[in-house]
Every structure is written in structure tokens, then in C-alpha cells.
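The next block holds one structure in the form of C-alpha cells; read it before the comments.
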Amino acid sequence: MEQMTRGRSRRWARPAAVVAALFVFAACGGGGGGGSSYKQPKGSAQTTLTIKGGNFFFDPKSSELPAGVDAIKLESEGGLHTLVFDKGKVPGFQLEASSGKSDELKVDLKPGKYTIYCDIPGHREAGMEGTITVQ
Ligand SMILES: [Cu+2]
-3 MEQMTRGRSR RWARPAAVVA ALFVFAACGG GGGGGSSYKQ PKGSAQTTLT
47 IKGGNFFFDP KSSELPAGVD AIKLESEGGL HTLVFDKGKV PGFQLEASSG
97 KSDELKVDLK PGKYTIYCDI PGHREAGMEG TITVQ
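The numbers in this note's numbering rise by one with no breaks, and the one at position 31 of the sequence shown is 27.
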């Protein structure tokens, strides 16, 4: 039996779903932040919440997110600011952005109300505190 039929119909009909981002966070030399012990959850974010930070506020001050994996992005409108969760609710999670820059991380959140703040000395007291309600 001869198999001469060598079809040239090699179609690359791949579903676009394959493009599903495979973020490999192999880079350790990233932001000049501190201990990067935080491990992002797997899977893609359902929603990206963008919070602007400045002297001395978060905008919006209160936000909502669906429970599960979401991304939170901090955009600095001026000054160096961070975004962390109060009471160690999300250990290791810290966004840090200087003027005009942004920082983003994924987080897996359970339903509840979370307080966030900027952990640079004095900033929280000056008004850099907010809430994220997850449901
Ligand atoms: Cu700040």
C-alpha cells in the first residue's frame, strides 16, 4: 500500500483561545520593591481594577470586585505610593508606583470588605486609605 497522498493542506486553524496569556514570571529583577514573596494566583483576571494614587488620596476610594481572581492596578498621579491590604489579608501583596508609573498584580479574593492603604509612613494618616468590596 502506497501512501502518495501527502496533503499540503497543513492548515493552522488554531482557535484564538490558545492565545490565552501564559505569563511566566521568571523575572526576579523587576521593580525595585522590597520582598517579592507574593505569589500571584493562576488563571486570568476577571476584572482589572485601576486605582489612582496621589498626594494623598486613592481614586476611587471605594471599589467593588467580583470574588475570584482579579487584577489590581495602581497608577501614580504624583509621588511614590504603594497599595497594600490591611491586617495582612493578602500577605505579601504590594503595589508600588512612582509618578506617572503603574504597577499591577493579580489577587484571588474571597467575598468580604477589604481595607487598602498606602504603607509609606504618613500617607495612610493623610488620607491614603480605601476599601474594596468583594462579592
Ligand atoms: Cu502614598
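Just so you know, even glycine gets a beta-carbon here, dropped at the ideal spot from N, CA and C.
Given the structure is predicted, the values throughout are model-derived calculations rather than measurements.
Same chain, Cβ closer than 6 Å to residue i, neighbours up to 5 away in sequence not counted
| i | result |
| --- | --- |
| Asp55 | Lys48 |
Beta-carbon proximity check, residue i vs residue j, cutoff 9 Å
| i | j | result |
| --- | --- | --- |
| Ser98 | Ser72 | yes |
| Leu70 | Leu105 | no |
| Glu100 | Thr111 | no |
| Pro37 | Lys102 | yes |
Own chain partners of residue i with C-beta closer than 8 Å, once the 5 adjacent residues on each side are dropped
| i | result |
| --- | --- |
| Gly50 | Ser72, Glu73, Gly74, Gly75, His77 |
| Gly25 | Bear in mind that the predicted position of Gly25 carries a pLDDT of just 37, short of 50, making it too unreliable to give a figure here. |
| Lys109 | Thr127, Ile128, Thr129, Val130 |
| Lys35 | Gly88 |
Own chain partners of residue i with C-beta closer than 7 Å, once the 5 adjacent residues on each side are dropped
| i | result |
| --- | --- |
| Arg120 | Tyr113, Cys114 |
| Gln42 | Pro62, Gly64, Val65, Asp66 |
| Pro107 | Ala63, Val130, Gln131 |
| Ser95 | Ser72, Gly74, Gly75 |
| Gly39 | Val65 |
Residue i: first and last residue of the uninterrupted alpha helix (DSSP H) it sits in
| i | result |
| --- | --- |
| Glu121 | 119 to 122 |
Limits of the unbroken beta strand (DSSP E) element including residue i
| i | result |
| --- | --- |
| Gly74 | From DSSP, Gly74 is part of no beta strand (DSSP E); its letter is neither H nor E. |
| Ala41 | From DSSP, Ala41 is part of no beta strand (DSSP E); its letter is neither H nor E. |
| Gly108 | 108 to 113 |
| Lys102 | 98 to 105 |
query = Which residues have their C-beta within less than 5 Å of a heavy atom of ligand 1, listed in chain order?
reply = His77, Cys114, Ile116, His119, Met124
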